[in-house]
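Quick notes on the structure that follows.
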Amino acid sequence: MRVALGLEYDGCAYEGWQTQPSRRTVQDVLQAAVFKFTQEKVKAVCAGRTDAGVHATGQVVHLDAMAIRTEQSWVRGVNSFLEPTVCVRWARIVPDDFHARFSAFSRSYEYWIANEPMRSALLAGRTAWIFRPLDEQRMQEATTSLIGTHDFSSFRAAGCQSKTPIKTISEMSVDRFGRLIRIRVKADGFLYHMVRNIVGCLVYIGTGARPVEWMQEVLEAKSRDAAAPTSYPAGLYLSRVGYPEKFGLPDKGKSPFAVDE
Numbered sequence: 002m003r004v005a006l007g008l009e010y011d012g013c014a015y016e017g018w019q020t021q022p023s024r025r026t027v028q029d030v031l032q033a034a035v036f037k038f039t040q041e042k043v044k045a046v047c048a049g050r051t052d053a054g055v056h057a058t059g060q061v062v063h064l065d066a067m068a069i070r071t072e073q074s075w076v077r078g079v080n081s082f083l084e085p086t087v088c089v090r091w092a093r094i095v096p097d098d099f100h101a102r103f104s105a106f107s108r109s110y111e112y113w114i115a116n117e118p119m120r121s122a123l124l125a126g127r128t129a130w131i132f133r134p135l136d137e138q139r140m141q142e143a144t145t146s147l148i149g150t151h152d153f154s155s156f157r158a159a160g161c162q163s164k165t166p167i168k169t170i171s172e173m174s175v176d177r178f179g180r181l182i183r184i185r186v187k188a189d190g191f192l193y194h195m196v197r198n199i200v201g202c203l204v205y206i207g208t209g210a211r212p213v214e215w216m217q218e219v220l221e222a223k224s225r226d227a228a229a230p231t232s233y234p235a236g237l238y239l240s241r242v243g244y245p246e247k248f249g250l251p252d253k254g255k256s257p258f259a260v261d262e
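This is how it looks when you write it as structure tokens:
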């Protein structure tokens, strides 16, 4: 039986998604919980490997198990053995040709910034903090350079394993909700640290350190040296993964904060 699970997790508690010798990754704790639930050792395959400190509200994984359980049983059973910082939000029995990573046609991320003079104790680890005032309208204007199919080498971190730097961003927006700024981006795929590197450039533009037109210059340079430093992992959330309708997966991605839209 192949099972797809929708996950939500707090990345502060883990060294990223992928299994490590320390056993303090999301993959490790999920597989341990499934073992306690089914008495089977499984390998969980995710839609997007998140780094240490990066969160998810819409991660999707699949695993193969001999145990026959209802979808609701998978949710309640696995959750009963998970740490409070990881939660299975839904489960679906899927055909064998479903693959959490390769069946996906899009991924969406949200990046949240607390933009206020003093840091917040309650938002620590949940958002990035920028104390200088940010102009979200300038940031939004700068995103227009990134929409479409481009070579995103300027936003590609060392160690990236993607076969090509060519990606297509279909949607991108910057919105303010009081002291919080949300950056949303949807694409067919992402390079290593691509979102965080884009956000770093948007912050430079938002503070006035660079003009709006600079984003186009960075993109055209096709060099990581042309861009701003990588932004903090704390504000990043994998919020949604898109799949063909034939798999019948729920569209349950959501924002981590209650905001008026």
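Quick note on the working numbering: the sequence shown kicks off at 2 and runs consecutively.
Backbone N, C-alpha and C fix where the C-beta goes; we use that ideal spot for every residue, glycine too.
Being a predicted model, the structure only gives us computed values, none of them experimental.
1) Output the boundary residues of the beta strand (DSSP E) element that contains ALA115.
2) Across the stretch 155-164 and the stretch 82-95, are there enough close Cβ pairs to call them in contact, namely three or more that are closer than 8 Å?
3) Confirm, please, whether the CB-CB distance from TYR238 to THR86 is below 8 Å.
4) From GLY201 to GLY236, what does the alpha carbon distance come to, in whole angstroms?
5) Run through the stretch 44-115 for me and flag every whole alpha helix (DSSP H) of 4 or more residues, listed as ranges in chain order.
6) Can you check DSSP and say which residues form a bridge with HIS194?
7) Taking CYS47 and ALA101 to be in contact with their CB atoms under 8 Å, please state how far apart those CB atoms are, rounded to whole angstroms.
8) For GLN28 versus TRP18, is the C-beta spacing smaller than 8 Å?
9) Between the Cα of ILE182 and the Cα atoms of ARG133, ARG211, SER224, ASP226, which residue gives the shortest distance?
10) Any beta carbon from chain D within less than 8 Å of ALA53's own beta carbon?
11) Which residue's Cα is closest to the Cα of SER256: GLY243, ILE206, ARG185?
Taking the geometry as given:
1) Within the sequence shown, residue 115 is the residue found at index 114, counting from 1. ALA115 -> beta strand (DSSP E) spans 107-116.
2) A contact is defined here as three or more CB-CB pairs under 8 Å, and the stretch 155-164 fails this definition with respect to the stretch 82-95.
3) As a first step, residue 86 is located in the sequence shown; it is residue number 85 there, counting from the start. As a first step, residue 238 is located in the sequence shown; it is residue number 237 there, counting from the start. Taking C-beta atoms as the reference points, THR86 and TYR238 fail to come closer than 8 Å.
4) As a position in the sequence shown, residue 201 is number 200, starting the count at 1. As a position in the sequence shown, residue 236 is number 235, starting the count at 1. One C-alpha to the other measures close to 12 Å.
5) Qualifying alpha helix (DSSP H) stretches, in chain order: 72-80.
6) Taking the sequence shown and counting its residues from 1, one reaches residue 194 at position 193. DSSP links HIS194 through a beta bridge to no other residue.
7) Position 46 of the sequence shown, counted from the start, is the residue given in the question as residue 47. Position 100 of the sequence shown, counted from the start, is the residue given in the question as residue 101. With 8 Å as the limit, CYS47 and ALA101 qualify as a contact, their Cβ atoms being about 6 Å apart.
8) Here residue 28 is taken as the residue at index 27 of the sequence shown, counted from 1. Here residue 18 is taken as the residue at index 17 of the sequence shown, counted from 1. Yes.
9) Counting from one through the sequence shown, the residue named residue 182 turns up at place 181. Comparing Cα positions, the closest option is ARG133.
10) Any reference to chain D falls outside this structure, which holds one protein chain only.
11) Here residue 256 refers to the residue found at position 255 of the sequence shown. Comparing Cα positions, the closest option is ARG185.
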